[in-house]
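Colleague: Just passing along the structure, written as structure tokens.
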Amino acid sequence: MEGSSEPHVSRLSAARREGERVTPLELFFDLVFVLAITQCTASMAHHPTWEGMAQGLLVLGVLWWAWAGYAWLTSVIDPEQGAIRLVIFGAMAAMLIAALCVPEAFGNLGLAFALAIGVFRLLHIALFVLASPDDPELRRSVTGLAVSTAVGVGLLACASLFDGLAQAALWALALALDMGAPYFFGTAGWRLVPRHFAERHGLIVLIALGESIVAIGAGAAGHLDLGIGVSAVLGIGVAAGLWWIYFDLVALISSQRLTEAPKGRAQNALARDSYSYIHLLLVAGVVLAAFGMKTVIGHTGEHLHDVPAFALLGGTAVYLLGLVSFRYRHVQTINIHRLGLAILLLALFPVATQVPALVSEAAVFVLLWGMIAIELRGYDERRDRLRDEFSVAHAD
1410 MEGSSEPHVS RLSAARREGE RVTPLELFFD LVFVLAITQC TASMAHHPTW
1460 EGMAQGLLVL GVLWWAWAGY AWLTSVIDPE QGAIRLVIFG AMAAMLIAAL
1510 CVPEAFGNLG LAFALAIGVF RLLHIALFVL ASPDDPELRR SVTGLAVSTA
1560 VGVGLLACAS LFDGLAQAAL WALALALDMG APYFFGTAGW RLVPRHFAER
1610 HGLIVLIALG ESIVAIGAGA AGHLDLGIGV SAVLGIGVAA GLWWIYFDLV
1660 ALISSQRLTE APKGRAQNAL ARDSYSYIHL LLVAGVVLAA FGMKTVIGHT
1710 GEHLHDVPAF ALLGGTAVYL LGLVSFRYRH VQTINIHRLG LAILLLALFP
1760 VATQVPALVS EAAVFVLLWG MIAIELRGYD ERRDRLRDEF SVAHAD
């Protein structure tokens, strides 16, 4: 063979990824998270007790924090680059196993769940290590992440040896230490592509809302009468309202503010607080509301018990409080309408246990869309101007 050429050597680097849009592989990757969220909702519906709801939320928190790490990772590397695809596929397999374990994560599959999450997190850290040979700051951050991951997964594994309050306490401690670790090892070392990061989290909120629609269908269980039909329409209306109050303006403006934030520590801290932390409230709120709506559609003429009633009203309230916190973190102002509605929904919780389930769902629908109408009237032409400005900026 005439001539020779050096073999191509592909090497990961900590350089920013090319392009800001979420890639098809990232969307494919997120699909496995759909099953995990669905399993959390189904687990709460199967165990409609305060304990069952708390366990479902703890599992959701662990799954969320594991997923959130990959949103940071893909701001550093191109997930569709060569062999990286295979590692991503391996991570999807690990998350799938974890999702299958969710219904018994506090039972006989607790250790399997911990090991699956451990593999998922290990592959994430391994990719970060490969991506940071020439970036000491990023490597230090990854080292801190590896320590917190080991502690968190280790505590989850230990929790599988216990039950009851001791097991729940170990889960809560594992989640608190793991999620709190970034405050100890700082944010300066991370690399971020702001619009990609914001879009990735917006899409995961969209996935959670889609799961709420799946929950409505699952609650109907193949049956249809007038009550189920009305409940389904109201459920879609509630999900649409939750979509509106996030995607109409909040997602657009917050993405722009994250992009305009000073690069480095300040931008990374804003991303950590408003997306990695506060977005968990949004997803948890949707999961709780989905649990409530799934219960309503199966028992339209009955009174809701306290747990599903709280899930329906409290889940919507948690979502609203998440948006209030999100806005405050970005601009240090409070949306009075959303805060007021969240408080009202929580105050109506006792009433929801005394009226037919369909009435409670209708009340959430009316109150949510009433608030949206009030906000739209207050925006006037500002809303269209802001949306137009974002469209131009995004096109550039």
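Just so you know, the sequence shown maps onto residues 1410 to 1805 in this note's numbering.
Built from N, CA and C at the ideal position, the CB exists for glycine as well.
Since the model is a prediction, treat every value here as computed from it, not as a measurement.
#1: Would you mind sorting residue 1458 into buried or exposed? The rule is 16 or more other CB atoms within 10 Å of its CB.
#2: Quick one: which unbroken alpha helix (DSSP H) runs of 4-plus residues sit fully inside the segment 1666–1740? Chain order, please.
#3: Quick one, are the C-beta atoms of residue 1713 and residue 1663 less than 8 Å apart?
#4: Taking the straight line between their C-alpha atoms, what separation do you get for residue 1502 and residue 1779?
#5: Does the Cβ-Cβ distance between residue 1771 and residue 1708 come in under 8 Å?
#6: Tell me which same chain residues have a C-beta within less than 8 Å of the C-beta of residue 1436, skipping the five on either side of it?
#7: Provide the residue(s) that pair with residue 1374 in DSSP beta bridges, ordered along the chain.
#8: Give a yes or no on whether the C-beta atoms belonging to residue 1488 and residue 1434 are separated by under 8 Å.
#9: When burial is assigned at 16 or more other CB atoms within 10 Å of the CB, is residue 1786 buried or exposed?
#10: Can you tell which of 1674, 1654, 1704, 1658 has the C-alpha that lies nearest to the C-alpha of residue 1691?
#11: Skipping 5 residues on each side, what residues in its chain have a beta carbon closer than 6 Å to that of residue 1590?
#12: Would you call the CB atoms of residue 1722 and residue 1761 closer than 8 Å?
#13: Identify which residue in 1726, 1603, 1476, 1739 has its Cα closest to the Cα of residue 1777.
#14: Given a cut-off of 8 Å, decide if residue 1494 and residue 1605 are closer than it, judged by their beta-carbon atoms.
#15: In the structure shown, what three-state DSSP assignment does residue 1777 receive?
Modeller: Put simply:
#1: exposed
#2: 1674–1680, 1687–1707, 1715–1740
#3: no
#4: Cα to Cα, the separation comes out at about 43 Å.
#5: No, they are not a contact pair.
#6: Cβ contact annotation for residue 1436 (same chain, cutoff 8 Å, sequence separation greater than five): 1612, in chain order.
#7: A query on residue 1374 cannot be resolved here, the shown segment of the chain reaching from 1410 to 1805 and no further.
#8: In this structure, residue 1434 lies closer than 8 Å to residue 1488 by Cβ.
#9: exposed
#10: It is 1654.
#11: 1557
#12: yes
#13: 1726
#14: no
#15: helix
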